[in-house]
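Undergrad: When we follow the numbering used here, the leftmost residue of the sequence shown carries the number 19, and every step to the right adds one. C-beta atoms are modelled at their ideal positions from N, C-alpha and C, and glycine is treated no differently.
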Amino acid sequence: MPVVGFFGAPGSGKSTVFKALTRLSAPAQYLTADLKPHQAVVKIPDARLDKLVELVQPRSIVNATCEFMDIPGFDPSSTEKKLKTAVLEHYRRCDALALVVNLWEPEAERLFSPLSEANSLLEELSLLDLVTVENAIARTEKAAKHKTDKEAEAKYAALKKIHPLLEEGQSLRQMDLEPEEERVLRDLALLSAKPLIVVLNVADNAAREGAAAPGLAELQALCERQSLSQVRMAARLEAELSEMEEGEAAEYMAEFGVSEPALPRFIHSAFSALGLIVFFTAGEQEVRAWPLRRGSNAQQAAGVIHSDLARGFIRAETTAYGDYVQYNGIAGAKAAGKVRLEGKDYIVADGDVMLIRFNV
Ligand SMILES: Nc1nc2c(ncn2[C@@H]2O[C@H](COP(=O)(O)OP(=O)(O)OP(=O)(O)O)[C@@H](O)[C@H]2O)c(=O)[nH]1
Ligand SMILES: [Mg+2]
Numbered sequence: 019m020p021v022v023g024f025f026g027a028p029g030s031g032k033s034t035v036f037k038a039l040t041r042l043s044a045p046a047q048y049l050t051a052d053l054k055p056h057q058a059v060v061k062i063p064d065a066r067l068d069k070l071v072e073l074v075q076p077r078s079i080v081n082a083t084c085e086f087m088d089i090p091g092f093d094p095s096s097t098e099k100k101l102k103t104a105v106l107e108h109y110r111r112c113d114a115l116a117l118v119v120n121l122w123e124p125e126a127e128r129l130f131s132p133l134s135e136a137n138s139l140l141e142e143l144s145l146l147d148l149v150t151v152e153n154a155i156a157r158t159e160k161a162a163k164h165k166t167d168k169e170a171e172a173k174y175a176a177l178k179k180i181h182p183l184l185e186e187g188q189s190l191r192q193m194d195l196e197p198e199e200e201r202v203l204r205d206l207a208l209l210s211a212k213p214l215i216v217v218l219n220v221a222d223n224a225a226r227e228g229a230a231a232p233g234l235a236e237l238q239a240l241c242e243r244q245s246l247s248q249v250r251m252a253a254r255l256e257a258e259l260s261e262m263e264e265g266e267a268a269e270y271m272a273e274f275g276v277s278e279p280a281l282p283r284f285i286h287s288a289f290s291a292l293g294l295i296v297f298f299t300a301g302e303q304e305v306r307a308w309p310l311r312r313g314s315n316a317q318q319a320a321g322v323i324h325s326d327l328a329r330g331f332i333r334a335e336t337t338a339y340g341d342y343v344q345y346n347g348i349a350g351a352k353a354a355g356k357v358r359l360e361g362k363d364y365i366v367a368d369g370d371v372m373l374i375r376f377n378v
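1. Beta carbon of residue 450: closer than 7 Å to some heavy atom of ligand 1?
2. Tell me whether residue 232, by its Cβ, gets closer than 7 Å to a heavy atom of ligand 1.
3. Quick one: complete alpha helix (DSSP H) runs, 4+ long, within the segment 66-149?
4. What residues are listed by DSSP as bridge partners for residue 374?
5. Which value, in whole angstroms, describes the spacing of the CA atoms of residue 378 and residue 73?
6. When the Cα atoms are used, what is the spatial distance from residue 139 to residue 252?
7. Roughly how many angstroms separate the alpha carbons of residue 236 and residue 215, rounded to a whole number?
8. Short of 6 Å in beta carbon distance, which residues of its chain neighbour residue 189, apart from the five on each side in sequence? Order them along the chain.
9. Bridge partners of residue 353, per DSSP?
10. Mapping DSSP to helix, strand and coil, what is residue 309?
11. Distance, Cα to Cα, residue 322 vs residue 332?
12. Just checking, does the segment 156-176 make contact with the segment 195-214 on the three C-beta pairs under 8 Å criterion?
13. For a test of the three-state rule: what should DSSP assign to residue 261, helix, strand or coil?
14. Helix, strand or coil for residue 246, going by three-state DSSP, please let me know.
15. Out of curiosity, what's the CA-to-CA distance linking residue 233 and residue 183?
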């Protein structure tokens, strides 16, 4: 299950976004006495899953899930060392970070433009990594120079390559790294390497898709330049919606011109940043959505369900989601010749409905 943590300037709306997405209010005290952040697991709404359920009428339904973490903003000037360390540890544990940018505050009342706010936070991630990398260089230098430890040598070389780039303020995301370099750096959990979703937190009156907001266009351009996933959200409005009955919420959404609630839009951006797709299993017992790393093969998909299925993999009966729906389920798809028997190397496509044949 992917874990997404909210990152942003103090008061940018992280806790409000958390509430909008989880329907839970994060208490004002976001860290408990043992410095744990406020966490929530949400079921991911999925229109395709709903459609499969309608066709199959299973006994149980399992949505994919995502975990959100409301973490206090990182304050580089903070002198509370214990708090700072704890906050950074939480960020390192996240699979992706969501940068919440304040685009709702009137221009006259703010000290920094949204663009400079976002840029300085992105630079902060690179600076934090610079410190981590310098410490790691000091630790691996000796072993690398003895030329007896290949792993240390590879790590040292990768660290020396990224060090000057981090000094320039680049993020790891922007660097061209070989998969092998990525591998040796993985245990450092570098923050600027994490998939990033930019939450464009706009005022209620700018909730409508396409509506202008001060600073929004510059932020969108930044996201384009750095290929960052972005999601526009009027967090305060959405947080209010999360407290309403469905009908009332729909009316309210229509009034403000919001065509789709924040959660599915956010998940869409997050999955794209994380490089995740979804495949389905659909039986009378259970219909279920499974997140899967894009580019995975059928055997790896089987392994997500259970390691036995990967070990004893024979083949995967695979139907594209569109075919499954068009032919009213597996029987119709079979009759139309739309169910394929795929081997273990088949690269799973988003929305595939799969039945794994295995033998252990
Ligand atoms: N008008 C408006 N106000 C917002 C919006 N998002 C947040 N706010 C207000 O900004 C204040 C701070 O919001 P929070 O969600 O607590 O911000 P935060 O980023 O969690 O703040 P810290 O955890 O203290 O860093 C609250 O008073 C919110 O009501 C928004 O989209 N529109
Ligand atoms: Mg907060």
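TA: Walking through what the data contain:
1. The structure shown has nothing for residue 450, since the chain only spans 19 to 378.
2. Here the question's residue 232 lines up with position 214 in the sequence shown. Answer for residue 232: no, Cβ out of range of ligand 1.
3. 99-111
4. Numbered from 1 along the sequence shown, position 356 holds the residue referred to as residue 374. Note: residue 374 sits in a beta bridge opposite 334.
5. As a working mapping, residue 378 is identified with position 360 in the sequence shown. As a working mapping, residue 73 is identified with position 55 in the sequence shown. Straight-line Cα distance between these residues: approximately 31 Å.
6. Taking the first residue of the sequence shown as position 1, residue 139 is located at position 121. Taking the first residue of the sequence shown as position 1, residue 252 is located at position 234. Approximately 21 Å, taken between the alpha carbons.
7. Walking along the sequence shown from the start, residue 236 turns up at place 218. Walking along the sequence shown from the start, residue 215 turns up at place 197. Straight-line Cα distance between these residues: approximately 16 Å.
8. Taking the first residue of the sequence shown as 1, we reach residue 189 at position 171. Around residue 189: 144 and 210.
9. Mapped onto the sequence shown, residue 353 falls at position 335. Note: residue 353 sits in no beta bridge, so no partner.
10. Counting from one through the sequence shown, the residue named residue 309 turns up at place 291. Of the three classes helix, strand and coil, the one that applies to residue 309 here is strand, per DSSP.
11. Residue mapping note: residue 322 aligns to position 304 of the sequence shown, counting from 1. Residue mapping note: residue 332 aligns to position 314 of the sequence shown, counting from 1. Approximately 16 Å, taken between the alpha carbons.
12. yes
13. As a first step, residue 261 is located in the sequence shown; it is residue number 243 there, counting from the start. Coil, per DSSP.
14. What you label residue 246 is simply residue 228 of the sequence shown in a count that begins at 1. Here residue 246 sits in coil by DSSP.
15. In the sequence shown, the residue the question calls residue 233 occupies position 215. In the sequence shown, the residue the question calls residue 183 occupies position 165. So the two alpha carbons sit approximately 28 Å from each other.
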